[in-house]
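Q: In the numbering used here, the protein residues as written are 108 to 842.
Beta carbons are placed, not taken as given, at the ideal position from N, Cα and C, and that holds for glycine.
Have a look at this one.
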Ligand code: BGC
């Protein structure tokens, strides 16, 4: 029996509804059926419960769980599968994504994008954001949240980099794992995506990522491994692209061999929307569920026929359903199902508490890149502040609070209540007796006159980004990007900064970009703050950071190059790929392991800003490194001291330098910790390195191996500043 669809939202209707509180929410009805459903006994393990349920299902009931109905208008969600009350199976609602509960949902909070979370280097914050998104998702009737994204930012022009967690596999893995733990703590299954090597938007449906085994294992897959082994993610979404010639969603190496066998993933694999290309091949090669913008094409009646003809074994069909149900039991979807319609559809969950989390996240991920002459924080009373740039105004705030595409909250319909920089900064400035004058920068003369008449000029520089479109240039564009492309840039952001800086020595640039941009004006401005796409608390976060209510504490999750010519992408063969013999475009990952800082280190290239870099309003001192070898690796202890006069948080980073025998990039991030310190306060940080921290992927044994030799260890506040050095021998070697 299908649950009747009571509510189909016409966008915008539901804002009138009252804010929801957990106590008022009605939960789904599966508990009342429990008597006839032995698998509803919470004391049994997820495996036992899933086995019992699958055993009780008919062929049609099994097939029915394996494809989304493609009804994207279904109360604003990305997809759904109807409930089966007779089996106590709840309705399944799937929704986007990592920066809040989006699609056509209303009344939800627009959090900062994934790159902000990554830039915080703060698992507690990431868990908190994940839990906040999970809480909202649950109250909106969602069972499966289509987040987080953890693909590696291989090229700074990648259109979805802002949704992901940067260029380093360890940082991406830890960021994704923390977000997953947060989401799943709310009885909503998380979906790590897009598996795998989905690193460009150009030809994203057809392109093949051509990559060798070692590069895959060391750079592009470990974030998924962390999601599976560390965070027990419920679902994995396979990607649109091909990998080594085979679509990711029917790629047995990726799905069966690596994900399910090597990583031991017990959950289910769903395709990206429209990413399923076959029935028998996909099912046998590891895809468990088809998701599409129309009702199942390959996994509905075609799958039933394939099973009846024994082209897909019944054991495999059972496995597909088992994997889905096992995850849903493990996460708690059966035991604590979300509210059903119509309560969920009309719930407003953008509560003060959620907004506070969105604000904290925006503040925690902002990266201070330059602060000459202590131009920041803005101090003293009665100043004249020029606020300049489209991104700072009300319209601009709507353009740059998040990147475009399926992750945007909401993707369509009612604009969220974004606090513009103009509103947030004006309110904060007035508290100090300062006066703010705004010029949107589209009239250059007006912007220059405003800056010349002020004590401080703060220029907001926006650069749009969206799923569906790769960036065409590294220079910041004042454009708006959606799934169908970007609008033309309306101001020359670089020219605007140059002109303002030429009349006001105290010029501060606030970047609102999803990825690295070039800064030809860098030497002419005193301050640069990278705020990424900061979510609906945009202006409040900007004000708190600029006025020093909060000290910036983010660190770069990507290297910022000086120009495209510095990056590891040297030819169109690598990016965006050229047509290959198979009749589809091929992108050669010939940079191999040299992605991000690994490339800059190996080639001795000094970028604009290195990976891991970020300043604070205070300063930190590192001392007292002790490396204690253990059976598996080492414990590394050191002291971080706040040597300045303000409270602040520091991200202490640990890099391992492998011996030449390992043939690894010069150094690699293997640990970090974010510590909050009062002025003068010290803290001992302890980081544990396991055997994997020293391992490389051996392509003969197809496994992780540790080369014998001396491993150097560097600790500090950025990949380019590692004041503490130690070493540890492995494999019997001494240092
Ligand atoms: C995107 C996914 C998203 C899905 C559902 C796809 O186009 O690539 O990230 O989760 O749509 O909206």
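1) Which two residues bound the contiguous beta strand (DSSP E) that contains residue 783?
2) What are the boundary residues of the alpha helix (DSSP H) that residue 158 is part of?
3) Per DSSP, residue 736 is paired with what?
4) Residue 394 and residue 365 - do their beta-carbons sit closer together than 7 Å?
5) Which parts of the segment 523-600 are runs of the alpha helix (DSSP H), unbroken and 4 residues or longer, counting only runs that do not cross its ends?
6) Suppose the cutoff is 7 Å on Cβ atoms and the five residues either side in sequence are ignored; what does the same chain contact list for residue 794 look like?
7) Please list the terminal residues of the continuous beta strand (DSSP E) segment that includes residue 836.
8) Would you kindly report the start and end of the unbroken alpha helix (DSSP H) that includes residue 408?
9) Using a threshold of 7 Å, state whether the C-beta atoms of residue 497 and residue 547 are closer than that.
10) Can you name, in chain order, every residue of its own chain whose Cβ lies under 8 Å from the Cβ of residue 785, other than the five neighbours on each side?
11) Would you report the Cα separation of residue 684 and residue 418, rounded to the nearest angstrom?
12) So what's residue 398 in DSSP terms, helix, strand or just coil?
13) Taking C-alpha atoms, which residue in 404, 326, 380, 523 lies nearest to residue 343?
14) Hey, is the segment 468-488 in contact with the segment 215-230, meaning 3+ C-beta pairs nearer than 8 Å?
15) Looking at the structure shown, is residue 383 part of a helix, part of a strand, or coil, going by DSSP?
16) Going along the chain, which unbroken runs of the alpha helix (DSSP H) with 4 or more residues stay wholly within the segment 235-300?
17) How about the segment 200-210 and the segment 247-257: do they share at least three Cβ pairs that are nearer than 8 Å?
18) Could you spell out the range, first to last residue, of the beta strand (DSSP E) harbouring residue 637?
19) Cβ-heavy atom distance between residue 609 and the ligand ADP below 6 Å?
20) Near residue 247, which residues of its chain fall below 7 Å by C-beta distance, leaving aside the five closest residues on each side in sequence?
21) How many Å lie between residue 275 and residue 347 at the Cα?
22) Report the partner residues of residue 302 according to the DSSP bridge assignment.
23) Where residue 716 and residue 240 are concerned, what is the direct C-alpha to C-alpha distance, given to the nearest angstrom?
24) I'd like the ranges of any beta strand (DSSP E) spanning at least 3 consecutive residues and lying wholly in the segment 315-372.
25) Is residue 653 close to the ligand BGC? I mean its beta-carbon at under 6 Å from any heavy atom of the ligand.
26) Counting only the same chain and skipping the five closest in sequence on each side, list residues whose C-beta sits under 7 Å from that of residue 424.
27) Helix, strand or coil for residue 753, going by three-state DSSP, please let me know.
28) Between which residues of its own chain and residue 587 is the CB-CB distance below 8 Å, once the five residues before and five after are set aside?
29) Would you mind stating whether residue 585 and residue 576 have Cβ atoms separated by less than 7 Å?
30) I need the straight-line Cα distance from residue 238 to residue 801, nearest angstrom please.
31) Is any heavy atom in the ligand BGC found nearer than 6 Å to the beta carbon of residue 253?
32) For residue 674, which of 783, 654, 709 has the nearest alpha-carbon?
33) Nearest by alpha-carbon distance to residue 183: which of 705, 449, 825 is it?
34) Can you pull the DSSP bridge partners for residue 716?
35) Excluding the 5 residues flanking residue 488 on each side, which residues of the same chain have their C-beta closer than 8 Å to its C-beta?
36) Which residue from 821, 790, 258, 262 puts its Cα closest to that of residue 796?
A: Quick look at the numbers:
1) Residues 775-784.
2) Note, residue 158: alpha helix (DSSP H), 153-163.
3) Residue 736 is bridged by DSSP to 741.
4) No, the pair does not count as a contact, with Cβ atoms beyond the cut-off.
5) Qualifying alpha helix (DSSP H) stretches, in chain order: 528-538, 551-559.
6) Contacts found: 743, 761, 778, 780.
7) That run of the beta strand (DSSP E) goes 831-837.
8) For residue 408, the enclosing alpha helix (DSSP H) stretches over residues 408-415.
9) Going by C-beta atoms, residue 497 is nearer than 7 Å to residue 547.
10) For residue 785, where only same-chain residues beyond five positions count, the Cβ hits under 8 Å are 749, 754.
11) One alpha carbon belongs to residue 684, the other to residue 418, and they sit about 35 Å apart.
12) In the three-state scheme derived from DSSP, where H, G and I count as helix and E and B as strand, residue 398 is classed as coil.
13) If we check each option's Cα against that of residue 343, 380 comes out closest.
14) As far as the Cβ criterion goes, the segment 468-488 touches the segment 215-230, which means the pair count is three or higher.
15) Note: residue 383 maps to coil in three-state DSSP.
16) Entirely contained in the segment 235-300, the alpha helix (DSSP H) runs reaching 4 residues are, in chain order, 276-291.
17) Of all C-beta pairs linking the segment 200-210 to the segment 247-257, three or more are shorter than 8 Å, placing the two stretches in contact.
18) It spans 634-637 - the beta strand (DSSP E) in which residue 637 sits, taken as one unbroken run.
19) This structure lacks the ligand ADP; its bound ligands are the ligand BGC.
20) Within the same chain, 208, 212, 215, 451, 454, 456 come within 7 Å of residue 247 by CB-CB distance, once the 5 residues on both sides are set aside.
21) The alpha-carbon of residue 275 is positioned some 22 Å away from that of residue 347.
22) For residue 302, the pairing in a beta bridge is given by DSSP as 345.
23) The alpha-carbon separation between residue 716 and residue 240 amounts to approximately 31 Å.
24) Segments of the beta strand (DSSP E) lying fully in the segment 315-372: 315-317, 342-345.
25) No, the beta carbon of residue 653 sits no closer than 6 Å to any heavy atom of the ligand BGC.
26) Listed in chain order, the non-local C-beta contacts of residue 424 below 7 Å within the same chain comprise 169, 414, local neighbours out to five positions each way being set aside.
27) Correct three-state label for residue 753: coil.
28) So the list reads 506, 511, 571, 593, 594, once near-sequence residues are dropped.
29) The Cβ atoms of residue 585 and residue 576 lie no closer than 7 Å to each other.
30) CA-to-CA, the gap between residue 238 and residue 801 works out to about 32 Å.
31) Shortest gap from the CB of residue 253 to any heavy atom of the ligand BGC: under 6 Å.
32) Of the listed residues, the one whose Cα sits closest to residue 674 is 709.
33) Looking at the Cα atoms, 449 is the closest of the given residues.
34) According to the DSSP secondary-structure assignment, residue 716 is paired through a beta bridge with 667.
35) Excluding residues within five positions, the ones whose Cβ falls inside 8 Å are 539, 540, 541.
36) Per the C-alpha coordinates, the member of 821, 790, 258, 262 positioned closest to residue 796 is 821.
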